[in-house]
Amino acid sequence: MKIILPVMSLEMGGGARFLYHLANALTDKGHDVEVIMPSKGAQVWPLRAKLTRVPELSPANIPYGDFILPNFYTTVGSAWASQKGKVVRLSLGYEPLWVPDTESAKQSYLIDAPILSISQWHRQLILQETGRNSTVISCGVDHHLFRPCPKRSSQTGRKNIFYILRNPALGYIWKGGEDFFNALSLLKGLDFEVTVTLTEATQLTGSFPCRTVYAASDQEMAALYGEADLFVYNSYFEAFGLPPLEAMACGTAVITTDCGGSRDYAHNGENCLVVPPSDINQLQQALHLLLTQDGERQRLASAGFAFAQAWTWQRTADQVEAFLLSL
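So, in structure tokens, the structure goes:
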């Protein structure tokens, strides 16, 4: 099949990472995948699929294909107007929850095209807000990269917490960064280390000492997950939320909020700890438990690692392929 993926960019962030993994996995299955991206769009992820840069994502610049998979609300209109292939609306998050132009974002779900969503919570949200059902496909993990490695604490003697910080000034308040640091401030009498990676240009504020690192590749992210004793993810809402699953694959214990899409894989007390969004006290209690109870932390890490093995990008590509062939 000839599959067209119009994208705004392949920059750092979960949505772009999903797209490049999907494009590569479909290419590996023998499909002719072409990614169309504006010339100003950033690319930090390597592609095995064909990449074509265009001045803008206008209908004239969309190539012909069997299927066109717009995946952000700003890519849907041009894909639909081009009439150059069957459009499937791939949703990686319900955009009206966070973009300023909520009406345009909602309208992108109301075209006469089938919808793919990425979790059961995500499917229910789209159905509730638009009246349109969708088919759920799973996310995946690259297990060649995301796998266990020696813990940093084995050398330092201090438990290491890993956290991905998104810049609230760019609208990422819902990622919970302030809540995380407030919870840390409640941990008294414990000796531990916090490693923070910054996805955007973010100025760390506050008095809590952190080791700051920049991860420019999956390899670097995998090393940060793997060397940590504990990974914290405390978004208010996510269509899926890939980082906790990647941390599990690296053999690291996870604390996550009940942010919606994570329900497909985050099972409280079984393979991670789950706390309510924005509940700083419960987040602090979960942190205290896993920093002080080595056996419980290691049990959750082992269970998470075993659970994550079934989640692969090959499975995602299989699901997308089967769906497209059914149309």
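Going by full-length UniProt numbering, the sequence shown opens with residue 1, and the numbers climb by one from there. Glycine included, every Cβ here is placed at the ideal spot set by N, Cα and C.
Item to check | Proximity winner among GLY295, GLU178 and PHE72, relative to ASP101 (alpha-carbon distances) | outcome: PHE72
Next on the checklist: With three or more beta-carbon pairs closer than 8 Å as the criterion, would you say the segment 183-199 touches the segment 286-300?
Outcome noted: yes
Checklist entry - Whose C-alpha, out of ASN133, ASP179, ALA222 and GLU270, is nearest the C-alpha of ARG166? => result ASP179
Next on the checklist: Applying the 10 Å Cβ sphere with the 16-neighbour rule, what's the burial state of LEU186?
Outcome noted: exposed
Checklist entry - In angstroms, rounded to a whole number, what distance separates the CA positions of LEU145 and GLY251? => result 12 Å
Item to check | Status (buried if at least 16 other CB within 10 Å, exposed otherwise) for ARG152 | outcome: buried
Item to check | Straight-line Cα distance separating ASN133 from ILE126 | outcome: 7 Å
Item to check | Cβ distance (whole Å) where ILE68 is taken to contact ILE118 below 8 Å | outcome: Between ILE118 and ILE68 the Cβ distance is about 18 Å, and since that is not below 8 Å, they are no contact.
Checklist entry - Using CA coordinates, which residue listed in ARG53, PRO6 and TYR236 is at the minimum distance from LYS40? => result ARG53
Next on the checklist: Just to confirm the assignment: which complete beta strand (DSSP E) runs, minimum length 3, are found wholly within the UniProt domain "Glycosyl transferase family 1" (217-304)?
Outcome noted: 230-233, 253-257 and 273-275
Checklist entry - Where does the unbroken alpha helix (DSSP H) through TYR214 begin, and where does it stop? => result Note, TYR214: premise wrong, no alpha helix (DSSP H); not H, not E.
Checklist entry - Going by DSSP, which residues form a beta bridge with ARG158? => result Answer is none; ARG158 lacks a bridge partner.
Checklist entry - Does the distance from the CB of LEU327 to the CB of PRO114 come in under 8 Å? => result yes
Checklist entry - When the distance is taken between beta carbons, is LEU47 closer than 8 Å to ALA23? => result yes
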